[in-house]
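Numbering (our numbering), first residue to last: 48 to 281.
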């Protein structure tokens with residue numbers, strides 16, 4: 048009798064062990080399955096991100112600023128999302144007496160902060176804002192004087208940029224929306240000098256390489272071009 052009871056106890060013990068082993072195996076299988084699914088999901092996300100990066104590298108574009116004085120314009124290469132959104136760049140001004148007495152192209156640079164995604168628009172805005180009081184005391188001057196009413200919905204200027212993938216550069220057009228005071232070739236030369244030097248210095252802010260630069264008056268004609276040929280648009 049005792050022997051039978053012992054055998055029953057042993058059998059029950061073995062059944063419990065077998066049941067616990069089955070439960071443990073099932074839980075382990077479930078954990079492995081979840082881990083595998085998570086890895087698959089992560090791999091899918093990485094593949095999708097890589098596709099987006101490849102698409103951008105193949106010629107994707109983004110809009111360059113629509114601030115108070117600019118306009119939405121395509122044609123700018125994408126900014127590295129890992130970079131800071133702002134950068135310090137040089138904004139150039141004319142300087143007395145050099146820029147006015149002997150060399151129209153003479154400019155001086157000052158540090159200003161711009162948003163990388165609106166670098167061109169903000170750079171022109173900062174030229175129009177002019178030098179600080181301390182910079183003015185040193186003879187720095189903004190050669191651009193705008194008067195009259197705007198023909199661009201209240202904006203001071205519009206900006207457009209066409210990206211040339213072959214030249215890997217941006218052909219830029221700046222059109223002023225108000226009358227620009229031009230009293231001689233010197234004024235036109237100084238305006239073109241500060242704008243071109245400022246835009247050419249933006250390359251480090253957003254991988255923005257400038258190619259041709261056209262500066263237009265409110266009527267769409269090349270600034271300072273009295274020939275009527277509008278050579279800056281060619």
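Backbone N, C-alpha and C define an ideal beta-carbon position, used for all residues, glycine too.
Being a predicted model, the structure only gives us computed values, none of them experimental.
**Message:** Per the DSSP calculation, residue 151 is bridged to which residue(s)?
**Reply:** Taking the first residue of the chain shown as position 1, residue 151 is located at position 104. Answer by DSSP bridge pairing: none, since residue 151 is not bridged.
**Request:** Verify the contact flag: residue 151, CB atom, against every heavy atom of the ligand FMN, threshold strictly below 7 Å.
**Result:** Because no ligand of any kind appears in the structure shown, any question about the ligand FMN cannot be addressed here.
**Message:** On a Cα-Cα basis, can you pick out the residue from 161, 151 and 165 that is closest to residue 138?
**Reply:** Residue mapping note: residue 138 aligns to position 91 of the chain shown, counting from 1. With distances taken between Cα atoms, residue 138 lies closest to 161.
**Message:** In whole angstroms, give me the CA-to-CA distance for residue 233 and residue 147.
**Reply:** Start at 1 with the first residue of the chain shown, and residue 233 comes out as number 186. Start at 1 with the first residue of the chain shown, and residue 147 comes out as number 100. Cα to Cα, residue 233 sits roughly 7 Å from residue 147.
**Message:** Let me check understanding here. Comparing Cα to Cα, which of 267, 163, 203 and 192 lies closest to residue 131?
**Reply:** Stepping through the chain shown from its first residue, residue 131 is reached at position 84. Ranking 267, 163, 203 and 192 by Cα distance to residue 131 puts 163 first.
**Request:** Would you check if the stretch 271–280 and the stretch 227–242 touch, i.e. whether three or more CB-CB distances between them fall below 8 Å?
**Result:** yes
**Asked** So, is residue 190 buried or exposed, given that buried needs 16 or more other C-beta atoms within 10 angstroms?
**Response** As a first step, residue 190 is located in the chain shown; it is residue number 143 there, counting from the start. The residue is buried, with at least 16 neighbouring Cβ atoms inside 10 Å.
**Prompt:** Bridge partners of residue 216, per DSSP?
**Reply:** For this step, residue 216 is matched to residue 169 along the chain shown. In the DSSP output, where bridge partners are listed per residue, residue 216 has 211.
**Item:** In chain order, each beta strand (DSSP E) run of at least 3 residues that lies wholly inside the stretch 133–179
**Value:** 133–142 and 155–162
**Asked** From residue 221 to residue 206, what distance separates their C-alpha atoms?
**Response** Residue 221 sits at position 174 when you count from the first residue of the chain shown. Residue 206 sits at position 159 when you count from the first residue of the chain shown. Rounded to the nearest angstrom, the two C-alpha atoms are 5 Å apart.
**Message:** Would residue 167 and residue 280 be called neighbours here (beta carbons separated by less than 8 Å)?
**Reply:** For the purposes of this step, residue 167 is identified with residue 120 of the chain shown, where counting begins at 1. For the purposes of this step, residue 280 is identified with residue 233 of the chain shown, where counting begins at 1. Their beta carbons are not under 8 Å apart, which means residue 167 does not touch residue 280 by this criterion.
**Request:** State the Cα-Cα distance for the pair residue 107 and residue 224, rounded to the nearest angstrom.
**Result:** Numbered from its first residue, the chain shown carries residue 107 at position 60. Numbered from its first residue, the chain shown carries residue 224 at position 177. Only weak support exists for where residue 107 lies, its pLDDT of 29 falling under 50; the value from the coordinates is given anyway. Taking the straight line from one Cα to the other gives about 30 Å.
**Prompt:** Considering only C-alpha positions, which residue in the set 136, 261, 209 and 277 is nearest to residue 283?
**Reply:** Absent from the model: residue 283. The displayed extent of the chain is 48 to 281, so no value can be given.
**Message:** Please classify residue 176 as buried or exposed, where buried requires at least 16 other C-beta atoms within 10 Å of its C-beta.
**Reply:** As a first step, residue 176 must be located in the chain shown, where it is residue number 129. By the 10 Å Cβ count, residue 176 comes out exposed.
**Asked** Once you ignore the five residues that flank residue 268 on each side, which residues in its own chain have a CB closer than 7 Å to its CB?
**Response** The residue labelled residue 268 in the question sits at position 221 within the chain shown. 277.
**Asked** So, are the CB atoms of residue 142 and residue 155 less than 8 Å apart?
**Response** Residue mapping note: residue 142 aligns to position 95 of the chain shown, counting from 1. Residue mapping note: residue 155 aligns to position 108 of the chain shown, counting from 1. Contact flag set, yes.
**Request:** May I have the straight-line CA-CA distance separating residue 230 from residue 197, to the nearest angstrom?
**Result:** Looking up residue 230 in the chain shown gives position 183. Looking up residue 197 in the chain shown gives position 150. Residue 230 and residue 197: Cα-Cα distance of roughly 20 Å.
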